[in-house]
Amino acid sequence: MAVALSTLVEEADRYLGSSRIADYCPNGLQVEGRPQVMRIVSGVTASQALLDAAVEAKADLVLVHHGYFWKGENPCITGMKQRRLKTLLKHDISLLAYHLPLDLHPEVGNNVQLARQLEITVEGPLDPENPKVVGLVGSLSEPMTARDFARRVQEAMGREPLLIEGSEMIRRVGWCTGGGQGYIDQAVQAGVDLYLSGEASEQTFHSARENDISFIAAGHHATERYGVQALGDYLARRFALEHLFIDCPNPI
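The numbering of the sequence shown is my numbering, which starts it at 50 and goes up by one.
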């Protein structure tokens with residue numbers, strides 16, 4: 050079956066509530082392709098590798114977490130940006146991208162989906178007083194060591210995480226997928242035993258050590274693979290479409 054592009058975009062915008070969320074990029078339809086959609090290809094980032102794979106898969110629409118047109122970037126359509134846009138326009142493929150709306154969503158969001166992968170029970174936001182902090186806090190069913198939890202992360206993510214080990218057993222966990230390492234201060238205030246994000250900064254090490262909590266950096270790309278898959282599956286079920294997630298490996 051096929052669905053009108055406008056209908057699919059309207060449903061995705063509604064489902065994610067994207068119009069209510071301030072962001073660093075436009076959320077929703079970023080590049081308009083053919084008016085009917087039968088096959089969705091999803092991926093984390095609208096890289097050239099993903100676009101080439103979408104062309105090969107005969108996709109009508111590419112759905113991503115990291116799209117284009119970020120605030121502060123050079124607006125000129127040259128080099129890498131020109132090649133990416135040319136690929137989409139030449140093959141009449143639409144690009145649909147959701148950044149913070151996909152981090153925040155309570156069902157298909159990156160943070161909720163990561164919790165399911167790591168068997169964490171979600172309890173609430175990392176910082177209830179600040180809605181701009183997109184991380185969550187939750188608990189494990191049974192306490193475990195930081196090293197055992199890191200092994201769980203490795204099995205789920207398919208890559209060895211960076212672990213900074215504290216002295217406590219892990220029961221209460223805070224996390225934010227992607228580049229959320231700066232929320233470690235909120236995690237400390239929330240009283241977690243371990244904070245997990247995709248990336249680490251130099252100061253993250255000192256914050257973890259001096260506050261005696263464990264910290265894991267599990268990979269920006271690796272931690273954000275699950276939300277876009279879940280959203281693609283939702284849209285495929287909603288409109289009886291084909292959906293294929295393509296993982297373009299990224300060690301960062």
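For each residue, glycine too, the CB sits at the ideal point set by N, CA and C.
Please confirm whether any heavy atom of the ligand GTP lies closer than 7 Å to the CB of residue i.
{"i": "S246", "result": "Only the bare structure without any ligand can be found here, which leaves the ligand GTP out of the picture."}
Could you confirm whether any beta carbon from chain C is found closer than 8 Å to the beta carbon of residue i?
{"i": "P155", "result": "Note that chain C does not occur in the displayed structure, where there is just one protein chain."}
So which of the options has the shortest CA-CA distance to residue i?
{"i": "S143", "options": "E291, Q278, G66 and L78", "result": "L78"}
{"i": "G231", "options": "R220, G184, T136 and M218", "result": "G184"}
{"i": "G82", "options": "H140, E172, D101 and V113", "result": "H140"}
{"i": "P174", "options": "L134, R88 and C225", "result": "C225"}
If we count the other Cβ atoms within 10 Å of its Cβ and call it buried at 16 or more, is residue i buried or exposed?
{"i": "N303", "result": "Nothing about residue 303 can be reported from this structure: the residues present for the chain run from 50 to 301 only."}
{"i": "S68", "result": "exposed"}
{"i": "E251", "result": "exposed"}
{"i": "P155", "result": "exposed"}
{"i": "M206", "result": "buried"}
{"i": "C125", "result": "exposed"}
{"i": "S55", "result": "exposed"}
{"i": "Y147", "result": "buried"}
Look at the Cβ atom of residue i, then the Cβ atom of residue j, and state whether they are nearer than 8 Å.
{"i": "L243", "j": "L151", "result": "no"}
{"i": "G268", "j": "G158", "result": "no"}
{"i": "L167", "j": "R201", "result": "yes"}
For residue i and residue j, I'd like the C-alpha separation in whole angstroms.
{"i": "K120", "j": "N160", "result": "23 Å"}
{"i": "A279", "j": "A199", "result": "24 Å"}
{"i": "L57", "j": "E291", "result": "13 Å"}
{"i": "M218", "j": "N299", "result": "31 Å"}
{"i": "A103", "j": "A61", "result": "20 Å"}
{"i": "E334", "j": "A98", "result": "There is no way to answer for residue 334, as the model of the chain reaches only from 50 to 301."}
{"i": "L211", "j": "F294", "result": "26 Å"}
{"i": "M87", "j": "D282", "result": "13 Å"}
{"i": "T272", "j": "Q85", "result": "31 Å"}
{"i": "A195", "j": "G240", "result": "16 Å"}
{"i": "A285", "j": "I262", "result": "41 Å"}
- Message: Count Cβ pairs between the stretch 102-119 and the stretch 232-242 that sit closer than 8 Å; are there 3 or more?
- Response: no
- Query: Below 8 Å, can you find three or more Cβ-Cβ pairs linking the stretch 186-200 to the stretch 252-260?
  - Reply: The stretch 186-200 makes no contact with the stretch 252-260, as fewer than three CB pairs between them are under 8 Å.
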